[in-house]
Amino acid sequence: METVVRVEGKRSVQVLSDLEGISQEAASLFVNASRDSVAIRRRFVVAISGGSTPRRLYTLLSTAPYRDQIDWRNVYFFWADERCVPKGNEESNFKTAFDKLLSKVPIPDGNIHRIKGEEEPEKAARAYEEDIKKFFGMSGLPVFDLVILGMGEDGHMASLFPGSKSLEETDRLAVPVYLDKPNWNRITLTLPVLNNAAQILFLVAGSSKAAVLSEILGDGEKKRQFPAGLISPIKGNMTWLINQEAAGKRIG
Ligand code: 6PG
Numbered sequence: 000m001e002t003v004v005r006v007e008g009k010r011s012v013q014v015l016s017d018l019e020g021i022s023q024e025a026a027s028l029f030v031n032a033s034r035d036s037v038a039i040r041r042r043f044v045v046a047i048s049g050g051s052t053p054r055r056l057y058t059l060l061s062t063a064p065y066r067d068q069i070d071w072r073n074v075y076f077f078w079a080d081e082r083c084v085p086k087g088n089e090e091s092n093f094k095t096a097f098d099k100l101l102s103k104v105p106i107p108d109g110n111i112h113r114i115k116g117e118e119e120p121e122k123a124a125r126a127y128e129e130d131i132k133k134f135f136g137m138s139g140l141p142v143f144d145l146v147i148l149g150m151g152e153d154g155h156m157a158s159l160f161p162g163s164k165s166l167e168e169t170d171r172l173a174v175p176v177y178l179d180k181p182n183w184n185r186i187t188l189t190l191p192v193l194n195n196a197a198q199i200l201f202l203v204a205g206s207s208k209a210a211v212l213s214e215i216l217g218d219g220e221k222k223r224q225f226p227a228g229l230i231s232p233i234k235g236n237m238t239w240l241i242n243q244e245a246a247g248k249r250i251g
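See the structure below:
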C-alpha cells in the first residue's frame, strides 16, 4: 500500500513498502506515460538507467498485464548512461535491459538506441550525441518523455558522480566519464539533458541510501552537493518512488 508522502508542485514522493511495490508503481507510471505520449506525439521516448533497482521493473514491463498495455512499435529506448564495456558484458546497462525486457517485447530493433560502450569513450559519447540529435531533429536540447534514474549511496545518478567535472557540462548532450579502476569508464547524459525531460522517475530502495536521500528530499542546501539533488526538471515533473528503508525516519 503506497503512501503519498509529499506533492510539491512538480515533485512527488511516494513511499512504497518494498522494491516490488516500487516496481509495480513504476510499471503503471510507465504504461500511463506511454499511452499519453503516443496519443499526443505518436511516440514515447525514454532514457533508462542501469544498476539493480530497475531490473524488476524491466521484468514487469515484459510480462502481462503491463506488456500488453504498451504500444511497443512507438516506444524508443535510449540510456541515461552506459558502462564502457561490450554489449554482451554482464555490466552492460544495455544487456540488463535487453535480457529482461527488450528481447521479450515486440519493439523494432531500430527503436533501440544503444550507447556503444565497446568503443573508445569520447568516440562513443560523440556518436551517441549525433544519434540523439538525428533522432530528435533538433539543435537545442532533446525532450525525453520519461527518464528513469536510480541513485547511488553517494547521491550519484546516471554516471554523474559527486565532484565530477561532467556535472558542469552545459553544452554537450553526452560525455565520457573516466573512473579509476576497478570501475569502468562510462558515457552519461548531461544535467541539461536530464533536466529537460518531460518526466523524471527516480527509483530508490535500501537503507544505505536513506541519509543522502533525506538531504536530497529535504529543504536544506546540502542537497546540491549530490548529483541527484541537482535534478530539477525545467518544465517537466519528477516522481520519487522509494521504499520504507530508503525513506528512513525523516521522510516516511
Ligand atoms: C549505473 C546506473 C547508476 C545507478 C545507481 C544506483 O549505470 O550503474 O545508471 O546511476 O542508477 O548506481 O544503482 P542501484 O540501482 O544498483 O542501487
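Quick note on numbering: the sequence shown equals residues 0 to 251 in numbering that gives the first Met the number 0. For every residue, glycine included, the Cβ atom is placed at its ideal position computed from N, Cα and C.
Beta-carbon spacing of residue i, residue j below 9 Å
{"i": "R260", "j": "S48", "result": "Lying before the first or after the last residue shown, residue 260 is absent from the chain, which here runs from 0 to 251."}
{"i": "L212", "j": "M156", "result": "no"}
{"i": "I241", "j": "L60", "result": "no"}
{"i": "W71", "j": "N110", "result": "yes"}
{"i": "E209", "j": "V142", "result": "The question names Glu, but residue 209 is Ala in the sequence shown. Not a contact, by the Cβ cut-off of 9 Å."}
{"i": "V45", "j": "I199", "result": "no"}
{"i": "S33", "j": "I69", "result": "yes"}
{"i": "R66", "j": "D144", "result": "no"}
{"i": "L56", "j": "F97", "result": "no"}
Cut-off 6 Å between Cβ atoms - residues of its own chain near residue i, not counting five sequence neighbours on either side
{"i": "N92", "result": "G49, W78 and E81"}
{"i": "C83", "result": "G116, P120, W183 and N184"}
{"i": "F135", "result": "P141"}
{"i": "S158", "result": "D80, V176, R185 and T187"}
Nearest neighbour of residue i, chosen from the options [CA to CA]
{"i": "Q23", "options": "E168, T52, P161 and A96", "result": "T52"}
{"i": "I131", "options": "A204, C83 and F76", "result": "F76"}
{"i": "S138", "options": "L159, S165 and D170", "result": "D170"}
{"i": "I215", "options": "G154, S207 and L190", "result": "G154"}
{"i": "F160", "options": "A197, G228, K9 and R40", "result": "G228"}
{"i": "G217", "options": "E19, K248 and L202", "result": "K248"}
{"i": "L202", "options": "G136, L18 and L190", "result": "L18"}
{"i": "V74", "options": "E90, A38, K86 and N88", "result": "A38"}
{"i": "S206", "options": "G162, E167, E152 and S158", "result": "E152"}
Residue i classed as buried or exposed, judged by whether at least 16 other C-beta atoms fall within 10 angstroms
{"i": "P313", "result": "Any question about residue 313 goes unanswered here, given that the chain covers just 0 to 251."}
{"i": "R113", "result": "buried"}
{"i": "A246", "result": "buried"}
{"i": "T62", "result": "exposed"}
{"i": "K180", "result": "exposed"}
{"i": "P105", "result": "exposed"}
{"i": "R108", "result": "It should be pointed out that residue 108 corresponds to Asp in this sequence rather than to Arg. Flag for D108 reads exposed."}
{"i": "A25", "result": "buried"}
{"i": "A204", "result": "buried"}
{"i": "E128", "result": "buried"}
{"i": "S102", "result": "exposed"}
{"i": "S165", "result": "buried"}
{"i": "G20", "result": "buried"}
Own chain, CB closer than 8 Å to residue i, minus 5 neighbours either side, in chain order
{"i": "R54", "result": "T95 and K99"}
{"i": "S11", "result": "V3, R5, N236, M237, T238 and W239"}
{"i": "P85", "result": "S91, G116 and E117"}
{"i": "K9", "result": "P232, G235, N236 and M237"}
Contacts around residue i, its chain only, beta-carbon distance under 7 Å, and the 5 residues preceding and following it disregarded
{"i": "N194", "result": "I230, S231, P232 and I233"}
{"i": "I191", "result": "The sequence shown places Pro at residue 191, rather than the Ile named in the question. Once the five neighbours on either side are set aside, the close Cβ partners of P191 are L140 and T169."}
{"i": "N88", "result": "K94"}
{"i": "S163", "result": "V176"}
Heavy atom of the ligand NAD within 8 Å of residue i beta-carbon
{"i": "H112", "result": "Absent from the structure shown: the ligand NAD. Ligands present: the ligand 6PG."}
Are there three or more Cβ pairs, one per stretch, closer than 8 Å when the stretch 176-188 is compared with the stretch 209-229? no
Any contact between the stretch 113-130 and the stretch 157-175? By contact I mean 3 or more CB pairs, one from each, below 8 Å. yes
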